[in-house]
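Data block below; observations after.
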Amino acid sequence: MNKRWTVRDNADHEVVKKLADDLNIDAVLSTLLVNRGIGTFDEARYFFRPDILHLHDPFLMKDMEKAIERINNAIAAGEKILIFGDYDVDGTTAVATVYSFFKERYENLEYYIPDRYKEGYGISTQGIDYAADNGFTLIIALDCGIKSVDKIDYANTRGVDFIICDHHLPGAELPAAIAILDPKRHDCEYPYKELSGCGIGFKLIQAYAETHDIPFEEVARYLDLAAISISCDIVHITGENRTLAHFGLQKINTDPCMGVKILVEIAGRTGNNLSISDVVFLLGPRINAAGRIDDAKHAVELLIACDEKLAREKGMMINTHNAERKGHDLDITGEALNMIDNDEELIGRKSTVVFNEHWHKGVIGIVASRLTEKYYRPTIVLTRSNGHVAGSARSVLGYDLYEALCECKDLLIQFGGHKYAAGLTMEPENVEAFKARFEEVVSATISPEQLIQQIQIDAELRLSQIEPKFFRILNQFAPFGPENMSPVFISKNVYVSGNAALVGAAHIKMSVMQEGSAAFDCIAFNHGEYLQQLKPGVPFDICYSIEENVWRERRTIQLNIKGIRI
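First residue of the sequence shown? That's 13 in my numbering, and the numbers climb one at a time after it.
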């Protein structure tokens, strides 16, 4: 697939030069900083040296005092408290964090995770009924609830109070809860707006600890879970999230909770150098698989486990579910690809909508992501669920999927999500009309450029600039993630040193040089089609990220090639 190479606009030269001089670093590194909004020595020190003191006062969050007062009253009166959370990684880590913290200080509480297939996302009537029927008078809802106006109204009729801890964008009306903790509330002046759902839960226990003179070390025990939620929920890794992720990764690598330790072992990782990417691809899918294939409560049971035998049992169960999830994922992706490739009309469209009533609902979001990667256009995967047709949607850079679905809302029972990902349900008889309408809307509103995948390049770099000090400072930009991605560089007129070789079915392993530079090892995933053109002495351009490759305890700098242009 052809990709657009887009080089970021030059940062202010004077600011770049002054920052490079002040920090005694390469101008390319100071350019990276300026493009991240860092223009002074003090801002750079804050960025490069995360500190627990950088965490904000939790009481700056609107309604935090109300939340803590209601929890205090509930505990004093011996009320039953229910910790309620979503079934994905963010929700289960949030529940594990808040439940574990309070369980050590109060016995009369339980947790509740809604069933993905029977109850769906968010606050459920079944969950409220369970609470009311079993004597729970307070629910702390995590990673959901901000739009559950009718559900909270129903809870109030049943004598169940709610504290909502959410990070999603509110609707026009806020639920009638006792307290709503959400930095995205228009009336909330909390300094950082991009916390995960687990991050909101973390701020809640931080506030409770401060009120009751509980040492911060008791709150810091849950930083590993906060880092997992930040990594897997794809929130910004800037500001407070970057601080939480930094120290959370340290905890994952040195002193994780029992469940995370077991999960890392089961994932086959050794050593103490897991990155955000490792968490996303090794831990996240396993935690998610519990709710996709069986019951997300198993994920919470793993994450709150203190007994190694129980943790290992739950970890192995979740790993088995993940293997099953992979099987469904591969089978359904293969079927969907065949469906598209054998239909000329589907191939020629600017959107992809595929439907099979037998596909497993738990993996259609993953399949939608894979199809988007393959064809690079807005994609929806549909299947039957509880008498309706359920769908998962994914978009491409710059295209507002949610707005496109708004144009189809008369054909939908319900839908929700954001610019790049959404879920929807419809009546089976509306599937064909929806396919046609969605294609019509996308065709009318998407630009040709948005249908070509983009590689965002941060700066041009000569290979001779990649020396130990440069690489050491570059590593301090981590942890990487949204709004702080691993920098991508372009180097022009490089050439192969020695021979390029095919690795696996479609990857290239080679060394490249540039005039005046040493040779650098490279790996180019899924670029096998360029192999015959990569000959010694033939110049070409590359864009790449710089990483450390560890092989048999030998550490070397490696270029991870994102694009080749000959």
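Note that the Cβ used here is the ideal one computed from N, Cα and C, for glycine as well.
Bear in mind that the values here come from a model prediction, so they are computed numbers and not experimental data.
- The Cβ-Cβ distance between Arg449 and Cys420 falls below 7 Å.
- With distances taken between CA atoms, Arg324 lies nearest to Lys273 out of Ile469, Tyr124 and Lys273.
- Taken through DSSP and simplified to helix, strand or coil, His248 comes out as coil.
- Using a C-beta cut-off of 8 Å, the segment 304-323 makes contact with the segment 125-135, since at least three inter-stretch Cβ pairs fall below that distance.
- If you draw a straight line from the Cα of Cys269 to the Cα of Cys318, it comes to about 8 Å.
- Take the alpha-carbon of Val515 and the one of Gln544: they are about 14 Å apart.
- For Ser529 against Leu475, the beta-carbon gap comes to about 4 Å, under 8 Å, which counts as contact.
- In this structure, the alpha-carbon of Asp98 lies about 44 Å from that of Ser503.
- Taking a C-beta distance under 7 Å as the contact criterion, Thr255 and His68 do not qualify as a contact pair.
- The Cβ atoms of Gly575 and Ile467 sit closer than 7 Å to each other.
- Per DSSP, the beta bridge partners of Glu559 are Gln570.
- The beta-carbon distance between Gly51 and Val27, rounded to whole angstroms, is 5 Å. This is short enough to meet the 8 Å contact definition.
- Secondary-structure assignment with DSSP links Glu122 through a beta bridge to Leu94.
- As a beta-bridge residue in DSSP terms, Val401 pairs with Arg396 and Met438.
- Counting C-beta pairs closer than 8 Å gives three or more between the segment 183-193 and the segment 151-162, which meets the contact rule.
- When the beta-carbon positions are compared, Ala434 and Tyr414 come within less than 7 Å of each other.
- Linking Asn496 to Ser381 through their CA atoms gives a straight-line distance of about 22 Å.
- For Phe501, the enclosing beta strand (DSSP E) has its first and last residue at Phe501 to Val508.
- If you check the CB distance, Val500 and Leu546 do not come in under 7 Å.
- Scanning its chain for C-beta atoms nearer than 6 Å, with the 5 sequence neighbours on each side dropped, one finds around Asp245 the residues Asp102 and Ser208, in chain order.
- Glu559 and Thr568 have their C-alpha atoms spaced approximately 8 Å apart.
- Assigned with DSSP and collapsed to three states, Glu222 falls in helix.
- When only Cα atoms are considered, Ala512 and Ile299 end up about 38 Å apart.
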